[in-house]
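Protein chains: 2
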Amino acid sequence: MDRLKILVVDDESRMRKLVRDFLVKNNFEVLEAEDGEQAVDIFFQKKDIALIVLDVMMPKMDGWQVCREIRAYSKVPIIMLTAKSDERDELQGFELGVDEYISKPFSPKILVARIEAILRRTNQMENNEILSCGGIEVNKAAHQALIDGEEIELSYKEFELLTYFVENRGIALSREKILNNVWNYDYFGDARTIDTHVKKLRSKMGSKGDMIKTIWGVGYKLEE
Amino acid sequence: MDRLKILVVDDESRMRKLVRDFLVKNNFEVLEAEDGEQAVDIFFQKKDIALIVLDVMMPKMDGWQVCREIRAYSKVPIIMLTAKSDERDELQGFELGVDEYISKPFSPKILVARIEAILRRTNQMENNEILSCGGIEVNKAAHQALIDGEEIELSYKEFELLTYFVENRGIALSREKILNNVWNYDYFGDARTIDTHVKKLRSKMGSKGDMIKTIWGVGYKLEE
DNA sequence: ATAAGTATGTCAAATTTGTGAAACCATACT
DNA sequence: AGTATGGTTTCACAAATTTGACATACTTAT
Numbered sequence: 000m001d002r003l004k005i006l007v008v009d010d011e012s013r014m015r016k017l018v019r020d021f022l023v024k025n026n027f028e029v030l031e032a033e034d035g036e037q038a039v040d041i042f043f044q045k046k047d048i049a050l051i052v053l054d055v056m057m058p059k060m061d062g063w064q065v066c067r068e069i070r071a072y073s074k075v076p077i078i079m080l081t082a083k084s085d086e087r088d089e090l091q092g093f094e095l096g097v098d099e100y101i102s103k104p105f106s107p108k109i110l111v112a113r114i115e116a117i118l119r120r121t122n123q124m125e126n127n128e129i130l131s132c133g134g135i136e137v138n139k140a141a142h143q144a145l146i147d148g149e150e151i152e153l154s155y156k157e158f159e160l161l162t163y164f165v166e167n168r169g170i171a172l173s174r175e176k177i178l179n180n181v182w183n184y185d186y187f188g189d190a191r192t193i194d195t196h197v198k199k200l201r202s203k204m205g206s207k208g209d210m211i212k213t214i215w216g217v218g219y220k221l222e223e
Numbered sequence: 000m001d002r003l004k005i006l007v008v009d010d011e012s013r014m015r016k017l018v019r020d021f022l023v024k025n026n027f028e029v030l031e032a033e034d035g036e037q038a039v040d041i042f043f044q045k046k047d048i049a050l051i052v053l054d055v056m057m058p059k060m061d062g063w064q065v066c067r068e069i070r071a072y073s074k075v076p077i078i079m080l081t082a083k084s085d086e087r088d089e090l091q092g093f094e095l096g097v098d099e100y101i102s103k104p105f106s107p108k109i110l111v112a113r114i115e116a117i118l119r120r121t122n123q124m125e126n127n128e129i130l131s132c133g134g135i136e137v138n139k140a141a142h143q144a145l146i147d148g149e150e151i152e153l154s155y156k157e158f159e160l161l162t163y164f165v166e167n168r169g170i171a172l173s174r175e176k177i178l179n180n181v182w183n184y185d186y187f188g189d190a191r192t193i194d195t196h197v198k199k200l201r202s203k204m205g206s207k208g209d210m211i212k213t214i215w216g217v218g219y220k221l222e223e
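Chains as they are written, first to last, in numbering that gives the first Met the number 0: chain E, 0 to 223; chain A, 0 to 223.
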């Protein structure tokens, strides 16, 4: 199995090295960012970051801001490193959806333990997750889609698109929204490519293809 | 921007005051109810309550009952205040769709933080709210309109127009106002075009079409 | 009665979507 | 390296839908 990617964001290289060494020893793959902007860039470029370790105090863009930007698109677990445990900060972090706090100075062992606990928790939740909706079943972990119990062969993008539809069943999705979520957020191609993929998806889904409704002037919707 | 309304339900006035003061300080508008009946009344009278803080132990109608009655019609977020964290109660609340638990005694700061977290979550999630008015139901997220529970097919503009009517039910709307809100603000076409759309809407709404009243010399109004 | 406002049916123009083919691109295989 | 393969994107045109204007009929207020 692949090693899980962890993004470590801190402006101090010494701190990054400390954390990285420990995480690598514990069989994680580590990516580093030295400021908030870099962090956001890397996060949206690589789409398979499993967890983020984020320092609060940073130049340019602080940890809270990074958190907000990422939370606008993703539920990836975030661990915040704070200088001291300050109630106000914790409250702000809670609102932003921070999963865990660790105040400096901390023991690397504790950090690894918390990371593993969080990953165990979130993987457990998402692993056995089979999304289903009206005869469509999507198993994200297995990257497999079933229609009425029978597997259909989908390409990568088709699968991602179907997953996005199932996750947002019943909701009208604009092409812009689909592009931002299924494609990379910095994709600047033609939005009509969605039409092509929808067409293929529909045909591969056979009779269930009708479940993807066109909403004229808006986009598409998977019928509930 | 308007302040969000929060309904605080507790039989102890001291507790209500405590919560209210804190919420007002945090820029919420607070409505109070001292028992379950009042709570339900107020909730259905005011139609724009953003969240409910609900005490479990109350005379007349307890928190669970209030929760059930409200959940029958609305998905408004509910935070339950419990005397002690009791596992059985938490399970019951989970089934009833309680969003969050806070056990007394609690820190007002935590309460505010949780409220804001929930509001952010639900507001961002999608405005999955369903506007309804006399047999008309409009689901903005799904881009779907129901008349007496049955879906009617509307074009983009028709849907926007109906939504605008429902959002401003009972209010006389001039053509100019409608143009500015449903059409782009830089639309300089003929205001008579609204008549055409109103006509189509009325016909698609069947018997409920009468609910859109003509106000001679002014514009239109959706009857409450 | 008359003038001003509104309802309704029709229709051409504009917009949006469906579709198939072709171009492009990355990857694995010979 | 060259080639085959399959996925992805673009493009052009056809098909479908929406939309706003207009003409005519109708209603209301004075």
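Even glycine gets a Cβ: it sits at the ideal position worked out from N, Cα and C.
Task: Given residue 140/A as reference, the closest of 151/E, 144/E, 173/E, 158/E once Cα atoms are compared - done: 173/E
Task: Three-state secondary structure assigned by DSSP to residue 106/E - done: coil
Open item on the list: With a threshold of 7 Å between beta-carbons, can residue 124/A be considered close to chain E, or not?
Closed with: Model confidence at residue 124/A stands at a pLDDT of 49, short of 50, so the residue's coordinates are unreliable and nothing is read from them.
- [ ] Give a yes or no on whether 7 Å exceeds the smallest Cβ distance from residue 140/A to chain E.
- [x] yes
- [ ] Taking residue 221/A as part of the alpha helix (DSSP H), name the residues at either end of that continuous run.
- [x] Looking at the DSSP string, residue 221/A is not in any alpha helix (DSSP H); the run it does join, the beta strand (DSSP E), is 218-221.
- [ ] Count the other CB atoms, across all protein chains shown, that sit within 10 Å of the CB of residue 150/A; report buried if there are 16 or more and exposed otherwise.
- [x] exposed
Open item on the list: Does chain A have any CB closer than 7 Å to the CB of residue 144/E?
Closed with: no
- [ ] Under 7 Å between beta-carbons, which chain A residues line up against residue 171/E? List them in chain order, please.
- [x] The answer, in chain order, is 140, 141, 142.
Task: Integer Cβ distance of residue 162/E from residue 197/E, believed to fall under 8 Å - done: Actually they are not in contact, since the Cβ atoms of residue 162/E and residue 197/E sit about 14 Å apart, beyond 8 Å.
Open item on the list: Applying the 10 Å Cβ sphere with the 16-neighbour rule, what's the burial state of residue 144/E?
Closed with: buried
Open item on the list: By the 9 Å beta-carbon criterion, what residues does the region 51-63 of chain E contribute toward chain A?
Closed with: none
TODO: May I ask which residues mark the beginning and end of the beta strand (DSSP E) holding residue 176/E?
DONE: First-last for residue 176/E: 174-181, but that is the alpha helix (DSSP H), not the beta strand (DSSP E).
- [ ] Under the assumption that residue 110/A contacts residue 77/A (Cβ atoms under 8 Å), give the Cβ distance between them as a whole number of angstroms.
- [x] That pair is no contact at about 13 Å.
Open item on the list: Please report the straight-line C-alpha distance between residue 46/E and residue 4/E, rounded to a whole angstrom.
Closed with: 10 Å
TODO: Closer than 9 Å by beta-carbon distance: list the chain E residues that pair up with residue 155/A, in chain order.
DONE: 214, 215, 216, 217
Task: Alpha-carbon spacing of residue 68/A relative to residue 176/A, whole angstroms - done: 37 Å
- [ ] Check residue 47/E in the structure and name its three-state DSSP category.
- [x] coil
- [ ] Going by DSSP, name the residue or residues bridged to residue 225/A.
- [x] The question about residue 225/A has no answer here: the residues shown for chain A are numbered 0 through 223.
Task: Straight-line Cα distance separating residue 223/A from residue 31/A - done: 26 Å
Task: First through last residue of the beta strand (DSSP E) which encompasses residue 136/E - done: 135-138
Open item on the list: Measuring alpha carbon to alpha carbon, tell me which residue in 220/A, 18/A, 36/A is nearest residue 29/A.
Closed with: 18/A
Task: Interface residues of chain A facing residue 220/E [CB-CB closer than 8 Å] - done: Chain A residues near residue 220/E: 141, 142.
Task: Alpha carbon of residue 219/A to alpha carbon of residue 48/A, nearest angstrom - done: 27 Å
- [ ] Decide if residue 187/E is buried, meaning its Cβ has at least 16 other Cβ atoms within 10 Å, or exposed.
- [x] exposed
Open item on the list: Can you tell me where the alpha helix (DSSP H) holding residue 160/A begins and where it ends?
Closed with: 155-166
Open item on the list: Suppose you measure from the CA of residue 204/E to the CA of residue 146/E; what does that come to, to the nearest Å?
Closed with: 7 Å
Task: Three-way DSSP call (helix, strand, coil) for residue 36/E in this model - done: helix
TODO: Return the CA-CA distance between residue 40/A and residue 95/A, expressed in angstroms with no decimal places.
DONE: 19 Å
Task: Backbone CA spacing between residue 181/A and residue 217/E [nearest angstrom] - done: 15 Å
Task: residue 11/A, DSSP secondary structure in three states - done: coil
- [ ] Drop a sphere of 10 angstroms on the beta-carbon of residue 11/A, count the other beta-carbons inside from all chains shown, and report buried for 16 or more, exposed for fewer.
- [x] exposed
Task: residue 113/E and residue 99/E closer than 7 Å at C-beta - done: Residue 99/E is positioned such that its CB atom lies closer than 7 Å to that of residue 113/E.
TODO: Give every residue of the same chain whose Cβ lies closer than 7 Å to the Cβ of residue 23/E, excluding the five residues on either side of it in the sequence, and list them in chain order.
DONE: Correct list, in chain order: 29.
Open item on the list: Check for me: the alpha helix (DSSP H) holding residue 68/A runs from which residue to which?
Closed with: 62-70
Open item on the list: So, at 7 Å on beta carbons, what are the nonlocal neighbours of residue 70/E in its own chain, with the 5 sequence-adjacent residues on each side left out?
Closed with: Contacts found: 95, 96.
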